[in-house]
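Chains as they are written, first to last, in the numbering used here: chain A, 21 to 381; chain B, 52 to 152.
Backbone N, C-alpha and C define an ideal beta-carbon position, used for all residues, glycine too.
All values reported here derive from a predicted model rather than from experimental measurement.
Here is the structure:
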């Protein structure tokens, strides 16, 4: 059995920062990821980040992944296990994992679970057909492997992911027929919306997809207008020939490990679904388990990075292995999170977090 | 179906790899997943559903949705969206639930 002070599960933006923060005061850290690379989904984010300079705004996600990976690899007290899937997390502080067919056990004093999220499905006829992809999947295919997802795409959802991936499809030489959005307003930043509109892609608000049609794979989509009660308006159906339909309708936290570890779970729609209850320093109802990033609630990668730092420091503080100025660093992280969640864009997140705070049981 | 020019990214492909998909010899590149190589070769149908035998492709491409399970070198339920391509691999469509042997 492997023994460490702190085990971080997930090597995306939250987990990488958690590992660095946790190791900052001398704790030994084990960082696991099921992929064969660190960086999580940052490795496909070719766009520049928002936020302040501290959160590396103006830097592309792919470059942030490289910098964080180097920092983690350059820290001798952080051991990295790639291609390792966490299987179970138990009350006695033992984690079981599978690494390339081998069964392994890890005993850690504290855990930071930063397992991220996966794309949501949407209910419509033909949604199981090949050619219906999560927007993130299309992004992986084109930005990581340089393979076009198809010739012509219908994007469903005009939040930041839908807008950004639509633009990146154009950059990869794929045409985008339209972006449909159920709500009367565009959900993402208007600067992204302006970019795709300038490229001639219509953004159809109050529209949804009714059906994907085709034989062995997608040949087109039927879309229609929605009334103010989100009901399809008869007679407004349009057939759009496309070979790919991308869904950018939100993400779900990948919280299986937290359920299994018997953390108290709450259903918070504003945070993307079921998330673990946590205190202000991201400790769950299981005192040895902390959470950070999308598994704690769907947000931007910039807040995931700061939350990772906070959870990493909090875990190290428990073990008296935190840097001497940890109080200051945690207060700074809290302030940065508050700033990232301020304004109208952060309203949903603030509401979701408020429901967790009110739940003291 | 491969991206040829890109304003930000430069794709450095690994060495060419030959593999077998349903008795056909296809070519991919070292470092890419089986799903990416198949998609580049125009193969979108990866499996058939258990009851209605409907065609299935990948959905999430990060190993979480189980929509891309194929039979690889005789082993069923392989998530081809996160499994790297290797020289000489034999890849087959999976029909319904995977069976060993």
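Going by DSSP, what residues sit across from residue i in a beta bridge?
{"i": "residue 153 of chain A", "result": "A:266"}
{"i": "residue 143 of chain B", "result": "B:122"}
{"i": "residue 132 of chain B", "result": "Residue 132 of chain B is not bridged to any residue."}
{"i": "residue 199 of chain A", "result": "A:175, A:223"}
{"i": "residue 303 of chain A", "result": "A:310"}
{"i": "residue 106 of chain A", "result": "A:117"}
{"i": "residue 22 of chain A", "result": "A:126"}
{"i": "residue 294 of chain A", "result": "A:287"}
{"i": "residue 100 of chain A", "result": "A:51"}
{"i": "residue 131 of chain A", "result": "A:27, A:309"}
{"i": "residue 138 of chain A", "result": "A:272"}
{"i": "residue 233 of chain A", "result": "A:240"}
{"i": "residue 258 of chain A", "result": "A:243"}
{"i": "residue 84 of chain B", "result": "B:135"}
{"i": "residue 106 of chain B", "result": "B:99"}
{"i": "residue 69 of chain B", "result": "B:78"}
{"i": "residue 167 of chain A", "result": "B:53"}
Quick check on the burial criterion: 16 or more other C-beta atoms within 10 angstroms. Buried or exposed for residue i?
{"i": "residue 61 of chain B", "result": "exposed"}
{"i": "residue 118 of chain B", "result": "buried"}
{"i": "residue 297 of chain A", "result": "buried"}
{"i": "residue 54 of chain A", "result": "buried"}
{"i": "residue 175 of chain A", "result": "buried"}
{"i": "residue 95 of chain B", "result": "buried"}
{"i": "residue 323 of chain A", "result": "buried"}
{"i": "residue 98 of chain A", "result": "buried"}
{"i": "residue 380 of chain A", "result": "exposed"}
{"i": "residue 332 of chain A", "result": "buried"}
{"i": "residue 111 of chain A", "result": "exposed"}
{"i": "residue 102 of chain B", "result": "exposed"}
{"i": "residue 107 of chain B", "result": "buried"}
{"i": "residue 168 of chain A", "result": "buried"}
{"i": "residue 227 of chain A", "result": "buried"}
{"i": "residue 356 of chain A", "result": "buried"}
{"i": "residue 328 of chain A", "result": "buried"}
{"i": "residue 123 of chain A", "result": "exposed"}
{"i": "residue 90 of chain A", "result": "exposed"}
{"i": "residue 141 of chain B", "result": "exposed"}
{"i": "residue 143 of chain A", "result": "exposed"}
{"i": "residue 24 of chain A", "result": "buried"}
For residue i, which residues in the same chain have their Cβ closer than 6 angstroms to its Cβ, ignoring the five residues on either side in sequence?
{"i": "residue 138 of chain B", "result": "68"}
{"i": "residue 154 of chain A", "result": "139, 267"}
{"i": "residue 177 of chain A", "result": "268, 269"}
{"i": "residue 219 of chain A", "result": "190"}
{"i": "residue 86 of chain B", "result": "109, 119, 131, 132"}
{"i": "residue 45 of chain A", "result": "336, 341, 342, 343"}
With a cut-off of 8 angstroms on the beta carbons, I'd call residue i and residue j a contact; round off their distance for me.
{"i": "residue 369 of chain A", "j": "residue 319 of chain A", "result": "6 angstroms"}
{"i": "residue 136 of chain A", "j": "residue 30 of chain A", "result": "6 angstroms"}
{"i": "residue 392 of chain A", "j": "residue 330 of chain A", "result": "Any question about residue 392 of chain A goes unanswered here, given that chain A covers just 21 to 381."}
{"i": "residue 33 of chain A", "j": "residue 350 of chain A", "result": "With 8 angstroms as the limit, residue 33 of chain A and residue 350 of chain A do not qualify as a contact, their Cβ atoms being about 18 angstroms apart."}
{"i": "residue 40 of chain A", "j": "residue 95 of chain A", "result": "7 angstroms"}
{"i": "residue 339 of chain A", "j": "residue 38 of chain A", "result": "Not a contact, Cβ separation roughly 14 angstroms."}
{"i": "residue 98 of chain B", "j": "residue 121 of chain B", "result": "6 angstroms"}
{"i": "residue 82 of chain B", "j": "residue 70 of chain B", "result": "Wrong, their Cβ atoms sit about 14 angstroms apart, outside the cutoff."}
What does a CB cutoff of less than 7 angstroms around residue i pick up in its chain, not counting 5 residues either side in sequence?
{"i": "residue 149 of chain A", "result": "232, 234, 237, 238"}
{"i": "residue 375 of chain A", "result": "288"}
{"i": "residue 113 of chain A", "result": "127, 128, 129, 308"}
{"i": "residue 164 of chain A", "result": "63, 64"}
{"i": "residue 106 of chain A", "result": "29, 52, 115, 117, 277"}
Go through its chain and collect everything with a Cβ distance to residue i's Cβ below 8 angstroms, but skip five positions before and after it.
{"i": "residue 180 of chain A", "result": "207, 208, 209, 212, 320"}
{"i": "residue 260 of chain A", "result": "174, 197, 198, 240, 241, 242, 243"}
Practice problem: Closer than 8 angstroms, Cβ to Cβ, to anything on chain A: give me those residues from the stretch 95 to 117 of chain B, in chain order. | Solution: From the stretch 95 to 117 of chain B, only 95, 96, 97, 100, 105, 106, 107, 108, 109, 110, 111, 112, 113, 114, 115, 116 have a Cβ closer than 8 angstroms to chain A.
Practice problem: Mind checking the stretch 351 to 366 of chain A against chain B and listing, in chain order, the residues whose C-beta falls within less than 7 angstroms of any C-beta there? | Solution: The stretch 351 to 366 of chain A vs chain B, Cβ under 7 angstroms: nothing.
Practice problem: Residues of the stretch 143 to 164 of chain A with a CB closer than 9 angstroms to any CB of chain B: list them in chain order, please. | Solution: Along the stretch 143 to 164 of chain A, the positions whose C-beta sits under 9 angstroms from a C-beta of chain B are 148, 149, 150, 151, 152, 153, 154, 156, 157, 158, 159, 160, 161, 162, 163, 164, read in chain order.
Quiz item: the stretch 48 to 61 of chain A: which residues have C-beta closer than 8 angstroms to a C-beta of chain B, in chain order?
Solution: Legend: CB atoms of the stretch 48 to 61 of chain A lying less than 8 angstroms from CB atoms of chain B belong to residues 54, 55, 56, 61.
Exercise. May I ask you to list, following chain order, the residues of the stretch 226 to 256 of chain A that have a beta carbon less than 7 angstroms from some beta carbon of chain B?
Key: For the stretch 226 to 256 of chain A, residues whose beta-carbon sits nearer than 7 angstroms to a beta-carbon of chain B comprise 236, 237.
Quiz item: In the stretch 188 to 216 of chain A, which residues sit with their C-beta less than 8 angstroms from some C-beta in chain B, listed in chain order?
Solution: Contacts with chain B (Cβ-Cβ distance below 8 angstroms) from the stretch 188 to 216 of chain A involve 191, 192, 193, listed in chain order.
Quiz prompt | Positions along the stretch 52 to 73 of chain B whose CB lies within less than 8 angstroms of some CB in chain A | solution = Residues passing the 8 angstroms Cβ filter: 52, 53, 54, 55, 56, 57, 58, 59, 60, 62, 64.
Practice problem: Could you list the residues in the stretch 270 to 301 of chain A with a C-beta less than 7 angstroms from some C-beta on chain B, going in chain order? | Solution: Listed by position along the chain: 274.
Practice problem: Identify each residue in the stretch 120 to 146 of chain B for which the Cβ-Cβ distance to at least one residue of chain A is less than 9 angstroms, and report them in chain order. | Solution: Hits within the stretch, in order: 132, 133, 135.
Quiz item: Of all the residues that make up the stretch 117 to 147 of chain A, which are near chain B by a beta-carbon distance shorter than 7 angstroms?
Solution: Flagged, chain order: 138, 139.
Quiz item: Listed from N- to C-terminal order along the chain, which residues in the stretch 73 to 86 of chain B have their beta-carbon within a distance smaller than 9 angstroms of any beta-carbon of chain A?
Solution: Within the stretch 73 to 86 of chain B, those residues whose Cβ lies closer than 9 angstroms to any Cβ of chain A are, in chain order, 80, 82, 83, 84, 86.
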